[in-house]
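Here is the structure we will look at, set down as structure tokens.
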Amino acid sequence: MSRLREHYQRIVERERGTLLKEWNGRRRVALVYPNRYRLGMGNLGVHVCYRIVNARDDFLCERAFLPEPSELAEHRRTDTPLLTLESQRPVRDFDVLMFSVSFEPDYVGLARCLELAGIPLRAADRDARHPLVVLGGIGPTINPEPVADLVDLVGLGEAEPLLPPLLDLVAGADLADRDGLLRAAARIPGWYATQLYDVAYADDGVRHHPRGGAPERVMRRYVEGAWEAVAPVIVSPEITFAEHYDVEVSRSCLWGCRFCASGFVTRPYRELGPDEVARVIQAGALVRKRIGVVGTDVSDHRKLDGIAALVRGAGAEVSFPSLRVEALASERGPFARTLAGGTAPETFTVAPEAATERLRRVVNKKITDAEILRAVERGASAGARKFKFYMLVGIPTETWEDVQAIPRLARAARDVLHRVQPMGKLTLSVNPVIPKPWTPWQWIGLADVAYLKQAYAFLHAELDREPGLDVSGESPVAARWQTLLARGDRRVTPAVLTAAACDGNWRQALRGFEDEPRYTHRTYPIDERLAWDFIDHSFVKGVLADEYRKSLNAIYSPPYDPVNKARPEIVPTPWVNG
């Protein structure tokens, strides 16, 4: 047995919950996360897909990951293709390769995994001898076009309604008839058969022309109503945040922050109650002493206090993802009741995003400096010793005075923290605004890189030597290629392949890509046909345009309320362009 196979076998032996199935007579799916194992196994979407496929007796599902650098060197030295963990077989021997991508940078990992597997990179160069290549996740649900030519099918939306009908199709299909399989898949709501569209580029934007019965627009799918509580199927000691056992208790968000794609493309907002998550919380407490109660908008969950009480009753600590400032600052509401019901976690993460009230209204956050400081005081008084603030630079209409306000707010928050927790620490995670599809800022260009570098230099000079303060963030160069992948169309695929060929070195890849400014720094006209407009997210494009105009005038929009329909625009409607 080779060193690589021994290494992967040891990983499986340290896991709990791994499913091993016989190959005989089953359709074989390789679930590939195009990043490192320790990150992929912390992704709940991977566990959802693994569970759905392996729940069927006529299928088996095994996992593969982009190897660590040392493993990658061994793959190349021994000419070993990409292998699955469970059986250590080459992924090219499977019927279906199912990629899960949450973040656009992993598009490069997708290409690297295909190359390592010995599979032609472009779908047009593959035939019935090769696996069907399927892509899903929030990343391609927002915009799959930068890698559309590398895959056969893209699932737009959530796995629960998407996977079962596709598995039914694959179970009974003649896999040698690839064209027939793709045409049939294109008739399943939510499945985008990339090669059945001719893409045209003109002065007014990008247009998709379907063939073979494919729909003109592809509907994004989501679970309507309650879903089975999502938690890790496999528990591993090697993953990021290995001490956590995460349970997803809500989906989407009420608030409509103008930079946040997931707040729009995962709507409507949905919650699970204590009864629906009790079983997985009890199971999680048997293997982990900290339960992560996760969701895009957890702090507004109406039954959060009841869920937290379940966690504590099972003998575990409760932890939360990023919280709304208002929820932590308030003495009323579900999070206030939760905080009153037990000890606070060691760390709270909140997202002021901007350091001035005007700029926060641009982002669509109606919070004051006083509320931010009160949130720190309440969290520290409950026992938290660490705070993390998410901040943005390069916000539309941002001035240098707005940037200069960041150190002032940070020092004020640190001082409040130290009055309650003298050894407390505040970390600022400062990141450039990445204009994402399906947000009100999808039309704006990335801020000038020189300006972003100047802002980072200023913040480090101001805060690096401050006691109890730390500054981190994404580099401006990384922001360039993230924007390229977020707003790209099929013409950026060569840049993806170049980056993959040089092991993810985007500095090198961007040097040879002359069209980069078209995607990164250009502000698009409102009436331009965008590369991702063929996706039907069940709301009109004009909603985003209206929010874009409001942001430029620092006008706040109240949250969409799923109970009283205070903002009923997130409903199926005819297409409106502009």
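For the sequence shown, the tail end lands on 621 under my numbering, and the numbers increase by one without skipping. For glycine and all other residues, C-beta sits at the position ideal for the given N, C-alpha and C. Remember, predicted model here, so these are calculated numbers, not experimental data.
Counted within 10 angstroms of its Cβ, other Cβ atoms place residue i as buried (16 or more) or exposed
i, result
"S362", "buried"
"M141", "buried"
"E598", "It is worth fixing the name first, because residue 598 is Ile in this sequence and not Glu. I598 should be labelled exposed."
"W66", "exposed"
"T237", "buried"
"L63", "exposed"
"V614", "Residue placement at V614 is poorly supported in this model, since its pLDDT is 35, which falls under 50; the coordinates still yield a value, given next. V614 is exposed by the Cβ-count criterion."
"K608", "In this prediction, K608 has a pLDDT of 46, which is less than 50 and means its spatial position is unreliable; nothing more can be read from the coordinates."
"K429", "buried"
"A229", "buried"
"K479", "buried"
"L595", "exposed"
"H287", "buried"
"E49", "exposed"
"K346", "buried"
"R119", "exposed"
"S45", "exposed"
"W486", "buried"
"T566", "exposed"
"P280", "exposed"
"S305", "buried"
"W443", "exposed"
"R523", "buried"
"P510", "exposed"
"D348", "buried"
"D149", "buried"
"S295", "buried"
DSSP bridge partner residues for residue i (one or two, in chain order)
i, result
"D289", "G335"
"R71", "L103"
"V176", "L140"
"I578", "V261"
"S472", "Y433 and S515"
"H251", "V242"
"V273", "E291"
"Y76", "F108"
"F391", "F430"
"A236", "L196"
"L126", "P133"
"E396", "M434"
"V278", "R59"
"R572", "G248"
Residue j beta carbon less than 8 Å from that of residue i
i, j, result
"L690", "V368", "The question about residue 690 has no answer here: the residues shown for the chain are numbered 44 through 621."
"L175", "V139", "yes"
"S472", "K431", "yes"
"F302", "V446", "no"
"E129", "L47", "no"
"H252", "Y240", "yes"
"V634", "E291", "It is not possible to answer for residue 634, since the shown part of the chain is limited to 44 through 621."
"R70", "E111", "no"
"E188", "A529", "no"
"Y76", "Q131", "no"
"H344", "W481", "no"
"E203", "W270", "yes"
"F577", "R260", "yes"
"V276", "R53", "no"
"R534", "D558", "yes"
For residue j and residue i, believed in contact at Cβ under 8 Å, the rounded distance
i, j, result
"P562", "L527", "Contrary to the premise, residue 562 reads as Tyr rather than Pro in this sequence. About 5 Å separates the two Cβ atoms, so the contact holds."
"L199", "R263", "5 Å"
"A538", "C545", "About 11 Å; that fails the 8 Å criterion."
"T339", "T309", "7 Å"
"P183", "V213", "With 8 Å as the limit, P183 and V213 do not qualify as a contact, their Cβ atoms being about 19 Å apart."
"G422", "L371", "6 Å"
"V151", "A543", "5 Å"
"D289", "L87", "6 Å"
"I282", "G60", "Going by Cβ atoms, the distance from I282 to G60 rounds to 13 Å, so no, they are not a contact pair."
"L125", "A98", "Incorrect: roughly 25 Å between the Cβ atoms, too far for contact."
"G223", "V197", "Rounded, the Cβ-Cβ distance is 19 Å, inconsistent with contact."
"V463", "E420", "6 Å"
"A154", "L540", "6 Å"
"L489", "G437", "7 Å"
"G385", "R355", "5 Å"
Residue i: CB within 7 Å of a non-hydrogen atom of the ligand ADP
i, result
"P163", "Of the ligands one can find in the structure shown there are none, so the ligand ADP has no counterpart to examine."
In chain order, which continuous runs of the beta strand (DSSP E) of length 3 or greater are located wholly inside the region 307-371? 333-337 and 360-362
Segments assigned beta strand (DSSP E), at least 3 residues, entirely inside the region 167-232: Runs found: 175-179 and 196-198.
Secondary structure, beta strand (DSSP E): runs of 3+ residues fully inside the region 476-528: 512-515
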